[in-house]
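Asks: Residue numbers (my numbering), protein chains in the order written: chain A, 1 to 150; chain B, 151 to 300. Dropping a structure here in structure tokens format, bear with me for questions.
Protein chains: 2
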Amino acid sequence: MMVSTKGRYALTVMVDIAKNSNGEYVPLADIARRENLSNKYLESIIAILIKGEMLISLRGKNGGYKLSREPKDYNISKILKLTEGTLAPVNCIIQDGVTCDKAATCSTLPLWTGLDRVIENYLGGITLEDIVIGNRKKMLGDYCDKCSAL
Amino acid sequence: MMVSTKGRYALTVMVDIAKNSNGEYVPLADIARRENLSNKYLESIIAILIKGEMLISLRGKNGGYKLSREPKDYNISKILKLTEGTLAPVNCIIQDGVTCDKAATCSTLPLWTGLDRVIENYLGGITLEDIVIGNRKKMLGDYCDKCSAL
DNA sequence: CAAAATCCTACCATTATAGCAGGATTTTGT
DNA sequence: ACAAAATCCTGCTATAATGGTAGGATTTTG
Chain A
1 MMVSTKGRYA
11 LTVMVDIAKN
21 SNGEYVPLAD
31 IARRENLSNK
41 YLESIIAILI
51 KGEMLISLRG
61 KNGGYKLSRE
71 PKDYNISKIL
81 KLTEGTLAPV
91 NCIIQDGVTC
101 DKAATCSTLP
111 LWTGLDRVIE
121 NYLGGITLED
131 IVIGNRKKML
141 GDYCDKCSAL
Chain B
151 MMVSTKGRYA
161 LTVMVDIAKN
171 SNGEYVPLAD
181 IARRENLSNK
191 YLESIIAILI
201 KGEMLISLRG
211 KNGGYKLSRE
221 PKDYNISKIL
231 KLTEGTLAPV
241 NCIIQDGVTC
251 DKAATCSTLP
261 LWTGLDRVIE
271 NYLGGITLED
281 IVIGNRKKML
291 GDYCDKCSAL
């Protein structure tokens with residue numbers, strides 16, 4: 001049930017650029033240094049974000065990467081799905097519509113479907129801006145009181 | 151973000167026994183045949199469920215496995231945690247209390263914490279009985295209308 | 001005492017994760 | 001023009017996790 005480092009770093013990159021860009025292109029090396037990640041690994045992750053149109057790149061001197069839109073217009077679910085492929089907890093609900101041949105009689109499918117909806121609903125409702133400004137109420141919701149240590 | 155086959159099969163086993171026991175011990179081979187799983191792999195998964203006190207076993211003739219309590223007294227989160235180790239989406243919140251050294255300044259931690267709570271809240275609220283009787287309202291909740299195909 | 005059944009220890013193949021290396025290409029500033 | 005700065009592209013590799021298999025020991029019942 002773990003989100004891979006790829007997904008976590010992808011989100012970290014998006015947040016880093018949102019915080020450090022000011023409309024300028026942010027070079028990879030700067031992000032890697034700030035976030036303490038290797039240039040090379042980061043490169044491969046950023047490539048995915050560009051292909052998914054989350055970032056815009058510029059080659060050459062003064063080049064780098066910047067967001068393709070406003071932080072509030074990114075939802076976290078879509079960012080993570082790019083690198084993770086899917087966020088569905090089981091294979092049978094990866095392809096929407098196409099299910100396994102035992103779906104009609106499968107007792108556990110409703111559980112996995114429900115779990116998928118809950119995850120999608122949560123991550124789809126959080127924006128990059130929420131993370132950047134630290135909107136704890138939205139991220140932690142009703143649980144905010146219980147986690148005063150955070 | 152996938153639940154492994156171990157976790158899925160563990161839940162499948164619990165449901166199978168709940169449905170086919172009637173207080174008797176259910177032999178492994180019967181479960182394997184019904185669920186179309188290999189005896190040997192199932193064996194290793196059931197061993198985990200026994201160690202976690204989810205099942206009671208009896209050796210010898212007429213032996214097998216049965217539930218250690220009523221279906222309504224199992225919550226799905228605990229069953230899955232046994233085989234999955236944790237359901238937390240990132241390492242930094244695996245050990246409750248102990249977090250990574252950058253926790254205080256980590257922008258994304260509240261997101262991962264929130265996601266963890268949402269998952270735990272959902273799976274912790276569903277019981278084995280809900281799955282056995284097919285309580286779609288509880289499992290699919292507000293989304294139940296939208297998934298008439300299921 | 002044999003058959004039925006779980007229990008235990010160890011092994012193995014495949015895939016996914018996490019990351020590295022090297023060089024090609026593009027763009028800017030001087 | 002051209003060097004420096006930067007992304008882009010192709011391919012590789014080590015480690016760990018997943019998903020499973022094998023063989024036999026032990027226990028219990030009829």
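Backbone N, C-alpha and C define an ideal beta-carbon position, used for all residues, glycine too.
Mind checking whether K288 (chain B) and I276 (chain B) have CB atoms under 8 Å apart?
Replies: yes
Asks: Using a Cβ-Cβ cut-off of less than 7 Å, give me the residues of the region 194-224 of chain B that come near chain A, in sequence order.
Replies: Along the region 194-224 of chain B, there is no position whose C-beta sits under 7 Å from a C-beta of chain A.
Asks: Starting from I196 (chain B) and walking both ways along the alpha helix (DSSP H), at which residues does that stretch end?
Replies: N189 to K201
Asks: With a threshold of 7 Å on Cβ separation, who are the neighbours of C147 (chain A) within its own chain once the five nearest residues in sequence on each side are excluded?
Replies: Low local confidence applies: a pLDDT of 49 at C147 (chain A) is under 50, so the model's placement there is unreliable, and no value is given.
Asks: For L58 (chain A), which of A:P27, A:K19, A:G52 and A:I17 has the nearest alpha-carbon?
Replies: A:P27
Asks: Do Y215 (chain B) and I167 (chain B) have their C-beta atoms closer together than 8 Å?
Replies: Going by C-beta atoms, Y215 (chain B) is nearer than 8 Å to I167 (chain B).
Asks: Kindly give me the distance between the Cβ atoms of I196 (chain B) and L187 (chain B), rounded to whole angstroms, as I take these residues to be in contact under 8 Å.
Replies: So it is not a contact: roughly 10 Å between Cβ atoms.
Asks: Terminal residues of the continuous alpha helix (DSSP H) containing G124 (chain A)?
Replies: L109 to G125
Asks: Could you name the residues of the same chain whose beta carbon sits closer than 7 Å to that of S143 (chain B), not counting the 5 residues immediately before and after it, in chain order?
Replies: Nothing can be reported for residue 143 (chain B), as the shown portion of chain B is limited to 151 through 300.
Asks: Do E129 (chain A) and K78 (chain A) have their C-beta atoms closer together than 8 Å?
Replies: no
Asks: Does L192 (chain B) get closer than 8 Å to chain A when you measure Cβ to Cβ?
Replies: No - not a single Cβ of chain A is within 8 Å of the one on L192 (chain B).
Asks: Less than 8 Å separating the beta-carbons of L115 (chain A) and P89 (chain A)?
Replies: yes
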